[in-house]
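Peer 1: Quick one: the structure is below, and I'll ask about it shortly.
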Amino acid sequence: MAEEIAPHLHFQYADTGHQEETAIAGMWLFLATEVLFFGGLLLGWMVSRHWQQAGFDAGGRETVLWIGTTNLVVLITSSFVYSAGLGFIEADQPRRLVQCCAVTIGLGTIFLALKLYEWHIDLSEHLFPAGPFKLHGSEADGARLFWSFYFVATGLHALHLTVGLGVLCWVIREARKGAYSAAWHTPVEVVGLYWSFVDIVWIVLYPMIYLVGRGT
Amino acid sequence: MSQTATVNERAAPAHERPSYLFDGVTLKSWLLTTDHKRIAVLYMISITIFFFIGGSAAALIRYNLIVPEGMIPSAETYNRLFTMHGVIMVWFFLVPSIPVTIGNFVLPLMIGARDLAFPKINLLSWYLFILGGAVALYALFVGGADTGWTFYAPYSTNYAQGNVVLLVTGIFISGFSSIATGLNFIVSIHRLRAPGMTWYRMPIFLWSLYSTSVIYVLATPVLAITLLLVAFERVFHVGVFDPRIGGDPILFQHMFWFYSHPAVYIMILPGLGVVSEVIPVFARKELFGYKFIAWSSVAIAVIGFFVWGHHMFVSGQSLYASIVFSLLSYFVAVPSAIKVFNWLGTLHKGYIRFDAPMLYALGFIGLFVMGGLTGLFLAALAADVDLHDTYFVIAHFHYIMVGGMVSAYFAALHFWWPKMSGRMYPEMIARAAALLMFVGFNLTFFPQFILGYLGMPRRYHSYPPEFQVLNVLSSAGASILAAAYLMPLVYLVWSLLYGERAPANPWNAKGLEWETPSPPFTANFAITPVVTDGRYNYPKPETSEAHG
Amino acid sequence: MSRVHRQLLYGWLGLLALVAIEFGASILPLPRGLRPALMLPALAMVAVVGVAFMRAKRGPSIVRVFAFAGLFWLTILLGLGMMDPLTRAVYTVQSTELP
Amino acid sequence: MLGLPEASANAAQADLLIGGLVAVSAAALALVFGLMLYYVIRYRHDSPVDRGKIAERTFGFEMAWTTGTLLIFFGLFIWGAVIYVQLYRPPSDTLKVYIVAKQWMWKVEHAGGQREIDTLHVPVNKPIELVMTSQDVIHDFFVPAFRLKRDVLPGQYETLWFRPDEIGTYHLFCSQLCGAGHAAMIGSVVVMSDPAYASWLAQNGASGTLAQQGQELFIRYGCSGCHGGHGTVRAPSLIGLYGSPVPLSDGSTVVADDRYIRDSILQPEQQIVASYAPMMPSFKGVIGEDDLLRLVAYIESLGAEKQP
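Chains as they are written, first to last, in this note's numbering: chain A, 1 to 216; chain B, 1 to 548; chain C, 1 to 99; chain D, 1 to 308.
Laid out in C-alpha cells, this is it:
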C-alpha cells in the first residue's frame, strides 16, 4: 500500500517528488500574490511621494536609520542561515538543521525587538500621523502621508515576520522529533521560501523608508 | 479511452465503494472533510444562503423605488440596503459562485485527479469564507454601512456611518478564501492532470477556471491592501487617501478598480466556460474554435487587468489615462465577441436539444451579448460621461452578472446536478423556470437602460416623478424574477429526495467526470485514467444518435 | 564546506556588499528626482535572494512562471497606476493658452 | 432622444454617438439573435434537414470576426475620444462660475458676487466654465440635459465647460454617493436669455463682485503684506500673473491657472517661483473653500488688468 511506503504522500500524487514539487510551486504562487499585496503599498508610496515630494521626503528623514540598516543585515543573515539549514537536511544532518533554525529564530526575534524599539522611538517623537505631530508647517502634510505609509508597511512586514517565526518554531519542533530527512523535508523548503520572501520585502522597504528621503 | 493502473492504486473496485455523499455520515465527517466534492457541497449551501440574503436586499431596493419619494422612509436605511446587496452579491455570491461550487466539484474529476493539490487548503478556504461572511453579515446587520460596495474614499474613511471597519475586515478575510481557491486550482491544473491530458485536451471549462484563478490570485491581494488602508484611515482619521493632508482619493479608485474590474471577469469567465461546455453537449457537436475560445479566456484574464481606468472617466483622472484606458477597454471586448461567434458556429448544423441547461445557456448568450454591447457605450469616453453612475451602468452590469453569470450558474447546476446529487431534477419545471427567469430578468433590467439614459443616477433613495413609470416596470419584473429564483430552490431540494436516480452519464456527454458513477466515490477514480483521445471533443453528428 | 553552503556564503557576502553599495550611494547628494534610483541595489538584492536562497533557477519550471507572473502584474499595477498621476497635472484648464 | 432635451452642443454630439452605439448594438443583436434562433429551429435535434459537410477549418472565420470587431471597436473608440477631448478644451472666453459642493448642497458663486444654492443660472449660447471643489467627500456634478458630469473632489479643483443652447430649466444631480442626503442633493440649471440673465444678475446683486470680495480678503489674510503693491522684493507680484507661465525654482514652468493659485496658497513650498525663497506659510485650514474662490477670482482679475 502506498501509505506505508511514503507516509506523507497524499493519494492524488504519483510519488513524493511529484508532491514536493507541487508544494513548492504552490508556495511560489502564494508569494506571487504577496508581491501584489505589497505592490499596492508600493503604488501608494509612489503616488503619495509624487504629489507631496518635499513633505514626504521630510518625513523620511525622521526615520531611525541605524535600526533600519541593522535590521536589514540581521534579516539577510537570518535568511542565509536558514538556507544553510536546508542544505544540511539535504545532507541528512537534522541536528544542524535544528541549530540553524534556532539561529534564524534568534535573528528574527532581534529584528522584531529592534523594530518594537524603533516604533517606541517613533511614537515618543510624535511621528504617528494622527494626533499631535512632530513636523509643522508646509511639510507636515507630506510627512503625515509618509508616516501613514510607514506604519502600515512596517506593521504588515512585522506581522509577516511574526507568522514566519511561528512557522519556524513548528519546523524546529518537528525537526527535533526527527520528522525530516534527506529523503523528505518538503516543509523545510517551503518555509524557507516564505522566510526569504519576508527578507525580500524588507530589502525593498528599506530604501523606500530610510534612504530615498534623506540627503535632499 | 483506455485506462491503466498507477502506483497509488487502491484496492476496492468502484462499485463496492460508497458514494462521496455517504462516505461518513456524521456532521464531523462533513465539517472536517478534505474531499473536494464535499467542500463543493458545503460551499453550495453557503452561497445559496448568501444569494437569498442579497436577493432580499434587492427586493427591498426595488420595493423602495416604486414611488418617487421612496417607500422606505429613511435614506440611511436605503443606503445600507444597497450596500448590503452589493457587498453580499459581489463577494459572497458572484466571486465564489461557479468556481467554488461547480469548479471545486468537477475540476479534479475533469483532469482525472483524486483531489485538488492542497485539500486542506481547500477546506481552509471554506472556513475563511464562512468566517469572513459571518463578520460581514454581522457588520451589515448590526450597524450596517452606507458606503456602497465600492467604499470610495474619503467618504468611507471619514464620513460614512456604521460599521465600515468590520465590514472591510469580513471582505478581507473572504479574500484569502478566494486566493486559496485560485491557488489550488492553478497548481492542480498544472500538476495533477492525468497522463495524456494535455492542455488542448482539457475541457474548455478548465481553461476558464484557470483564467479565473489567475485573477483570484493576482487581483485579490491588491483589494486586501486597499481595504486595509481604508480601515487604517478610518480608525486613525489619517492615511494615504486623505485629501486634507494632500493624499489622493483617486489613488483609492485606482487600487480598488485594479481588483474590482478584473473581479468582473472573475464573475463572468466561469460562466463563459460553463456555456462553452454545455452548448456542444446539447448541440451534439464538437466545440467550434476550441483553441480560440480557450485562449480568449486567457486573453480576457490578462487584458482585464489593463482596463480598470474606464471606471474613472469622470473621476478627475488625467485625460491621457482616460484615453489609454478607453482604447484598452475595447481590446478586452474582442475576446468576448470571439466566444459568442464560436458558440453560434457550434450551434450551426448541430442536433440541438432544449434541456434546461441548454435553455439557460441560450438565455445566457442573449443576455451576455446585451450586457457586452452596452459595455461598449460605457467604454466610449463621451458616452460614458453621460451614462456613468446612472441606471444605465446598473442595467449593464446586471445583464453581465445576473443575466450572464447567474444564468450560467443555473446552467451548470442543472448540467452537473445528476453528477453531484445522483438524482435527476424535474425537467419540465426546470425549463419553465429558465424561461421565467429570462422574461423576468429582461423586464427588470431593460427599463433601467432607459432610466439611465434619461439621467436617473444610481444609489438614489428618491427620484424625480418622471422616472416613476420605468421604475414600477422594473420592480414588477423583479417580482417575477424573485419567483423564478425560488423555483429551483424548491424543485432541486425536492429532487434530492424524490428525483429519479441519475445514470453515470445522463447527457451522453464526453469528459472524465461522466465516466465516474453518479455520485462519484471519494477517490473519484479507482485507477488513474489515461487520456488517449486525440482531442477533448464531442461526438460528430453522424456518429451520435440523439439520446434518451 | 559543501558546494551548496559555499554558494550560499557567496550569496550572503554579495548581499552584504550590495547593502554597503546602497548605503554608500544614499550618502551622495543625489537630486530629489534621482533618489528613487536607490531602489536599484535593492532590486539586485532581491535577485540574489531569489537565486541563492530561494533556488529560483532550480525546481520545476512552473516556479519561474509564477515568479514572472507576480513581477509582470506588479509592473502593470505600478505602470498603469502611475500613468494617471504623472500626466494629470499637464492638462490644466489654461494649458491651451500657452504662448 | 426619448424626450430628453439636448440643451448643449455637447448633448447633440453625445446623442449622435449614443445613437451610433445603439445602431451598432442593434445590428449585432439582430445578427446574434437571428442566427441563434435560426440555428436552434433549423437544427433542432429532430429536424431532418441535411447537415451536409461541417466546416473543419475554423481559422478563417476566427480571423474574419476578430478583425471585424476590432475595426468597429476602434472606430467607436475614436468617435468617443474625439468628443471627450473637447470637454478638456474650453474656449478662452468662458464665463466662469465657481461651485463648492458639500453634504448635501451645491453652493454657486458667480463672478459678480451673486450667490445661490442648488440652482445655477447661466446665459444661453455662452461658454460656461465651472470651477468646482468639494468641502467634504467626492460629489459629482451631473446635468443629463447637457450629457455631462464630472466628479467634484475635495482638495483640488475640477473644471467642466459647456455651451447651453436651449433656454429652459434642467435637472442637476449629484451622481457620486455622498451620504444619506445623496438623493436630495439635486438642483436645477436655469438657462436664460441674455436680457433675462442680465436682469437676474442685477436683481441678485451682491456686495461687490467675487473679485472685490477677494480683494478685501487679500488684505484681511495679510497677503498684501508681501504680495501687495508693485515690484515687491520678498514675494512675486501677482499682477498679470493669471494665465501666464511661471518659471519655477526646479527649472520647470507651469501656467498660473486656478489650480496653481489654489495650490500655492495652500502648499506654497510645492512650487517655488524661481529666485524667491520658500518663506510663505501655508494657509491650509485657515482659508475656507469659499474664501479661496474669492482670492482666486481676485488674482485672476489682477491678471486681466495687465492685458489690454
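Just so you know, even glycine gets a beta-carbon here, dropped at the ideal spot from N, CA and C.
1) Starting from Tyr170(D), follow its DSSP beta bridges and name the residues at the other end.
2) Report yes or no: is there a C-beta of chain D within less than 8 angstroms of the C-beta of Pro249(B)?
3) In three-state DSSP terms, what is Gly162(B)?
4) Do you know offhand how far Gly155(D)'s Cα is from Met132(D)'s?
5) How is Tyr98(D) classed by DSSP in three states: helix, strand or coil?
6) Classify Pro541(B) as buried or exposed, calling it buried when 16 or more other Cβ atoms lie within 10 Å of its own Cβ.
7) Let's see if you can read the secondary structure: which residues bound the alpha helix (DSSP H) around Trp30(B)?
8) Taking 8 angstroms as the threshold (beta carbon to beta carbon), is Thr75(C) in contact with chain B?
9) What are the start and end residues of each continuous beta strand (DSSP E) run of 3 or more residues lying completely inside the region 30-68 of chain A, in chain order?
10) Does the region 197-216 of chain B come close enough to the region 45-55 of chain C that 3 or more CB-CB pairs lie under 8 angstroms?
11) In the DSSP assignment, find the unbroken beta strand (DSSP E) run with Met132(D) in it and report its ends.
12) Is it true that the CB of Glu129(D) sits closer than 8 angstroms to the CB of Pro90(D)?
13) Using a Cβ cut-off of 7 angstroms, which residues of the region 243-277 of chain D contact any Cβ in chain G, in chain order?
14) Determine whether the Cβ of Phe415(B) lies closer than 8 angstroms to any Cβ atom of chain D.
15) Under 8 angstroms between C-beta atoms, does Ser138(A) make it to chain D?
16) Can a CB atom of chain C be found closer than 8 angstroms to the CB of Ala224(B)?
17) Once DSSP output is grouped into helix, strand and coil, what is the label at Ser280(D)?
18) Do Ala153(A) and Leu41(A) have their CB atoms nearer than 8 angstroms?
19) Short check: CB of Ser134(D) to CB of Leu153(D), under 8 angstroms?
20) With a cut-off of 8 angstroms on the beta carbons, I'd call Leu436(B) and Ala484(B) a contact; round off their distance for me.
21) Candidates Asp250(D), Gln270(D) and Leu241(D): which alpha carbon is nearest Ala297(D)'s?
22) In chain A, what lies closer than 8 angstroms to Val63(C) by C-beta?
23) List the residues of chain D whose Cβ lies closer than 7 angstroms to the Cβ of Ala54(A), in chain order.
24) Just to confirm the assignment: which complete alpha helix (DSSP H) runs, minimum length 4, are found wholly within the region 246-277 of chain D?
25) With distances taken Cα to Cα, identify the nearest neighbour of Ile450(B) among Val393(B), Ser479(B) and Val406(B).
26) Quick check: is the beta carbon of Gly246(B) nearer than 8 angstroms to any beta carbon in chain D?
27) Mind listing, in chain order, the continuous alpha helix (DSSP H) runs of no fewer than 4 residues lying wholly within the region 327-413 of chain B?
28) Quick one: measure Cβ to Cβ for Met424(B) and Glu500(B), integer angstroms, because I've assumed they're closer than 8 angstroms.
29) In this structure, does DSSP put Thr150(B) in helix, strand or coil?
30) Taking a Cβ distance cut-off of 8 angstroms, strictly less, list which residues of the region 22-46 of chain D are near chain B, in chain order.
31) In the DSSP assignment, find the unbroken alpha helix (DSSP H) run with Val472(B) in it and report its ends.
32) Using CA coordinates, which residue listed in Ile527(B), Pro119(B), Ile266(B) and Gly132(B) is at the minimum distance from Val187(B)?
33) Quick one: what's got a C-beta closer than 8 angstroms to Pro247(D)'s C-beta in the same chain, skipping five residues either side?
34) Taking 8 angstroms as the threshold (beta carbon to beta carbon), is Pro36(C) in contact with chain B?
35) Rounding to the nearest angstrom, what Cα-Cα distance links Val307(B) and Gly75(D) in this structure?
36) Name the chain B residues whose beta carbon is nearer than 7 angstroms to that of Phe162(D)?
Peer 2: To lay it out plainly:
1) Position 170 of the fourth sequence, counted from the first residue, corresponds to residue 170(D). DSSP output for Tyr170(D) lists Val189(D) as bridge partner(s).
2) Locating residue 249(B) in the second sequence gives position 249, where the first residue counts as 1. Judged by the 8 angstroms Cβ criterion, Pro249(B) is in contact with chain D.
3) Numbered from 1 along the second sequence, position 162 holds the residue referred to as residue 162(B). It is a strand residue.
4) Here residue 155(D) corresponds to residue number 155 of the fourth sequence, with the count starting at 1. Here residue 132(D) corresponds to residue number 132 of the fourth sequence, with the count starting at 1. Approximately 10 angstroms between the Cα atoms of the pair.
5) Working through the fourth sequence from its first residue, we reach residue 98(D) at position 98. In the structure shown, Tyr98(D) sits in a strand (DSSP, three-state: E or B).
6) If you number the second sequence from 1, residue 541(B) lands on position 541. In this prediction, Pro541(B) scores a pLDDT of 49, lower than 50, which makes its location untrustworthy; no coordinate-derived value is stated.
7) In the second sequence, the residue the question calls residue 30(B) occupies position 30. Run containing Trp30(B): Leu27 to Leu31, per the alpha helix (DSSP H) assignment.
8) In the third sequence, residue 75(C) corresponds to position 75, counting from 1. So, not an interface residue.
9) none
10) no
11) In the fourth sequence, counting from the first residue as 1, residue 132(D) sits at position 132. Segment Ile128 to Ser134, the beta strand (DSSP E) holding Met132(D).
12) On the fourth sequence, residue 90(D) is found 90 positions in, with the first residue counted as 1. On the fourth sequence, residue 129(D) is found 129 positions in, with the first residue counted as 1. Yes. Within cutoff.
13) Considering every chain present, this structure includes no chain G. Its protein chains are A, B, C and D.
14) Numbered from its first residue, the second sequence carries residue 415(B) at position 415. Judged by the 8 angstroms Cβ criterion, Phe415(B) is not in contact with chain D.
15) Residue 138(A) sits at position 138 when you count from the first residue of the first sequence. Yes, Ser138(A) lies at the interface with chain D (some Cβ there is under 8 angstroms from its Cβ).
16) Walking along the second sequence from the start, residue 224(B) turns up at place 224. Ala224(B) does not count as touching chain C.
17) For the purposes of this step, residue 280(D) is taken as the residue at position 280 of the fourth sequence. A quick correction: the sequence has Met, not Ser, at residue 280(D). DSSP places Met280(D) in coil when its eight states are reduced to three.
18) Looking up residue 153(A) in the first sequence gives position 153. Looking up residue 41(A) in the first sequence gives position 41. Going by C-beta atoms, Ala153(A) is nearer than 8 angstroms to Leu41(A).
19) Counting from 1 along the fourth sequence, the entry for residue 134(D) is found at position 134. Counting from 1 along the fourth sequence, the entry for residue 153(D) is found at position 153. A distance below 8 angstroms separates the beta carbons of Ser134(D) and Leu153(D).
20) Residue 436(B) sits at position 436 when you count from the first residue of the second sequence. Residue 484(B) sits at position 484 when you count from the first residue of the second sequence. Confirmed, about 4 angstroms.
21) In the fourth sequence, counting from the first residue as 1, residue 297(D) sits at position 297. Among Asp250(D), Gln270(D) and Leu241(D), the Cα nearest to that of Ala297(D) belongs to Leu241(D).
22) The residue labelled residue 63(C) in the question sits at position 63 within the third sequence. For the C-beta of Val63(C), the chain A residues within less than 8 angstroms are, from N- to C-terminus, Ile24, Ala25 and Trp28.
23) As a first step, residue 54(A) must be located in the first sequence, where it is residue number 54. Ordered by position in chain D, the residues that pass the 7 angstroms Cβ test against Ala54(A) are Glu269 and Gln270.
24) Complete alpha helix (DSSP H) runs here, min 4: 258-266.
25) As a position in the second sequence, residue 450(B) is number 450, starting the count at 1. It is Val393(B) whose Cα lies nearest to the Cα of Ile450(B).
26) Translated into the one-based positions of the second sequence, residue 246(B) becomes position 246. Interface residue, yes.
27) 356-379, 381-387 and 391-398
28) Position 424 of the second sequence, counted from the first residue, corresponds to residue 424(B). Position 500 of the second sequence, counted from the first residue, corresponds to residue 500(B). Taking the Cβ atoms as the reference, Met424(B) lies roughly 4 angstroms from Glu500(B), within the contact range of under 8 angstroms.
29) Against the second sequence, residue 150(B) aligns to sequence position 150. Looking at Thr150(B) - three-state DSSP - the assignment turns out to be coil, as it is neither helix nor strand.
30) Those would be Val24, Ser25, Ala28, Leu29, Val32, Phe33, Leu35, Met36, Tyr39, Val40, Tyr43, Arg44, His45 and Asp46, in chain order.
31) Taking the second sequence and counting its residues from 1, one reaches residue 472(B) at position 472. Where Val472(B) is concerned, the enclosing alpha helix (DSSP H) stretches over Gln468 to Tyr498.
32) Here residue 187(B) corresponds to residue number 187 of the second sequence, with the count starting at 1. The option with the nearest alpha carbon to Val187(B) is Pro119(B).
33) On the fourth sequence, residue 247(D) is found 247 positions in, with the first residue counted as 1. Thr253, Val273 and Ala274.
34) By 1-based counting over the third sequence, the position of residue 36(C) is 36. Not closer than 8 angstroms to any Cβ of chain B, the Cβ of Pro36(C) fails to qualify, so no.
35) Position 307 of the second sequence, counted from the first residue, corresponds to residue 307(B). Position 75 of the fourth sequence, counted from the first residue, corresponds to residue 75(D). Rounded to the nearest angstrom, the two C-alpha atoms are 18 angstroms apart.
36) Taking the first residue of the fourth sequence as 1, we reach residue 162(D) at position 162. Near Phe162(D) there are no residues of chain B at all, since even the closest Cβ is about 11 angstroms away, more than 7 angstroms.
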